[in-house]
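One structure is given below, encoded as structure tokens.
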Amino acid sequence: MQLKSMKYSQYKGKPQEWRLEGFTPGAINLIVGRNGTGKTRTLNVIGGLGKLLAGETPLFKTGHYEVSFDKAGKNIEYTLHYEDMKVLEERLVVAGKQVLDRGAGGQGKIYAEKIRKGENIDFQAPENQLACVTRRDSLQHPYFEDLYEWGKNLRQYLFGEKLGKDFYEVFKKGQPEADLDLKDTNKVVAIFHKGKKGYDERFLEGIKSDMGRIGFEIEDIDVGSPISFTFRGLAEEPGCIVLKEKDLVAHTDQLELSQGMFRALSLIIQLNYSQLASIPSCILIDDIGEGLDYERSSSLIKLLIEKAKTSAVQLVMSTNDRFVMNNVPLEYWCLMRRVSNVSKVYNYRNAKKQFEDFELTGLSNFDFFTSGAFEEQKPT
């Protein structure tokens, strides 16, 4: 199931009000825009929706989502409006049939497969909880499972941050491993350990191959004792990622890797595990390529696009790097402009003529970004 469109607003009518309009993502997307236009905020809004639908977080302060999904040609529309952490509206329409309609106070109607088939029945839900979470029932309300699975399997990566470079793990022999939250992107050591244990050479070769594609030739990679530092006063020494590059004699631990190389390695480890486990539904990556040189950044993006093309994963990346922009075809662009408190998105699906007309000019993608083709007059 893939996200097809999303409108969002928060703090309506208040000085803090912000709205997102025109976001109609495809299978592969690069959100581009100047600083402050709402790129990171948009990814956080998508990620926040995923956590809400999976029941992983309580309601935030305020929010109004109007989203649609596509599942093998079937249209799914979901509306959620809440204020002061109380639901005011929640609706779900599946293939044109309304199966959930709930308003303020928690009262509403819901379609039940096994009870009075063909009719919606009355129900009452807690004001501060989503009906699609509290009423999950694969027999009576199977249509909620699609929302849950999408939210549960969504992954969000902040490429501009450390992605677990300063996190280590203790693996005690003879004891069962603790449950692993695969959404915690700092847990890269634990995810690597789980991937090697579960998928062995397929997992390791996939990592080495992908790293080689972006210019980092790795001969060996494993979890081992730190090389460049020592933990004192601990009964069990934590493990970290240790690898050997082809052009180096000695192994290197994760602390000694450059930040750019480790970010790429962490992302590739986590994506390869998710792919082998058939987990991800949507992958969000903020500031893609941050900390990498031009060639490696370009190669990483090409690798991610290829992975998305050969899977059912929806890929949404963001950047304001001109080199990244020039290496991602305009067909994948979501160009973001902000006027006052409204962030608008333009792409091939809602502004096809402008995109096609620009491509005829022969100018670079970055020229399209700076051209002001979608600039609007700010209110006076």
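In the numbering used here, the protein residues as written are 640 to 1019. Each residue gets a CB set at the ideal place from its N, CA and C atoms; glycine is no exception.
For Phe855, the CB contacts under 8 angstroms within the same chain, skipping 5 residues up- and downstream, are Glu884, Met900, Ala903, Leu904, Arg935 in chain order.
It is roughly 46 angstroms from the alpha-carbon of Arg658 to the alpha-carbon of Asp839. If you draw a straight line from the Cα of Gly863 to the Cα of Ile880, it is about 6 angstroms long. Secondary structure in the region 704-748: no alpha helix (DSSP H) run of 4 residues or longer lies completely within the stretch.
No Cβ-Cβ contact shorter than 8 angstroms links Ile907 with Tyr796.
Around the beta-carbon of Thr824, 16 or more other beta-carbon atoms lie within 10 Å, marking it buried. Scanning its chain for C-beta atoms nearer than 7 angstroms, with the 5 sequence neighbours on each side dropped, one finds around Tyr987 the residues Glu970, Phe994, in chain order. Note on Ile853: 16 or more other CB atoms within 10 angstroms of its CB, so buried under the neighbour-count rule. DSSP places Tyr650 outside any beta strand (DSSP E), giving it a letter other than H or E.
Along the region 809-897, the alpha helix (DSSP H) occurs as fully enclosed runs of 4 or more residues at 827-852, listed in sequence order. Boundaries for Thr1000: no beta strand (DSSP E) harbours it, and the DSSP string shows neither H nor E there. From the listed residues Glu800, Ala916, Tyr787, the smallest Cα separation to Gly928 is found for Glu800. In this structure the region 945-955 does not lie against the region 643-661, because fewer than three pairs of beta carbons, one per stretch, are closer than 8 angstroms.
Judged by pairs of C-beta atoms under 8 angstroms, the region 727-743 does not touch the region 668-687, as fewer than three such pairs exist. Within the same chain, Cβ atoms closer than 8 angstroms to the Cβ of Ile754 are found at Ile760, Gln779, the five residues on either side in sequence being excluded.
Distances from the CA of Glu695 to each of Leu821, Leu642, Asn714 were compared; the closest alpha carbon is that of Leu821. The Cβ atoms of Tyr717 and Gly702 lie no closer than 8 angstroms to each other. Its Cα nearest to that of Val732, the residue Tyr750 stands out among Gly745, Gly803, Leu688, Tyr750. For Ile754, there is no enclosing alpha helix (DSSP H), since its DSSP letter is neither H nor E. Contact between Leu915 and Arg841 holds, since their C-beta atoms are separated by about 7 angstroms, short of 8 angstroms. Under the three-pair Cβ rule at 8 angstroms, the region 707-717 does not count as touching the region 951-963. Each residue's CA atom was taken as its position, placing Thr681 and Leu691 some 15 angstroms apart. The three-state secondary structure of Tyr985, taken from DSSP, is strand. Rounded to whole angstroms, Val827 and Val963 show a C-alpha spacing of 25 angstroms. By the 16-neighbour rule on beta-carbons within 10 angstroms, Ala829 is buried. The alpha-carbon of Glu998 is positioned some 11 angstroms away from that of Lys991.
Comparing alpha carbon positions, the residue from Val738, Ser867, Met850, Thr869 closest to Ile860 is Met850.
Assigned with DSSP and collapsed to three states, Glu934 falls in helix. In the three-state reduction of the DSSP assignment, Val967 falls in the coil class, being assigned neither a helical nor a strand state. Per the C-alpha coordinates, the member of Glu758, Lys736, Leu769 positioned closest to Gln746 is Leu769.
In this structure, Gln898 lies near Gly930, with their beta-carbon atoms less than 8 angstroms apart.
Tyr985 and Pro865 have their C-alpha atoms spaced approximately 47 angstroms apart.
In the DSSP assignment, the residues bridged to Ser957 are Ile670. The C-beta distance from Thr679 to Ser982 rounds to 11 angstroms, too long to fall under 8 angstroms, and the pair is not in contact.
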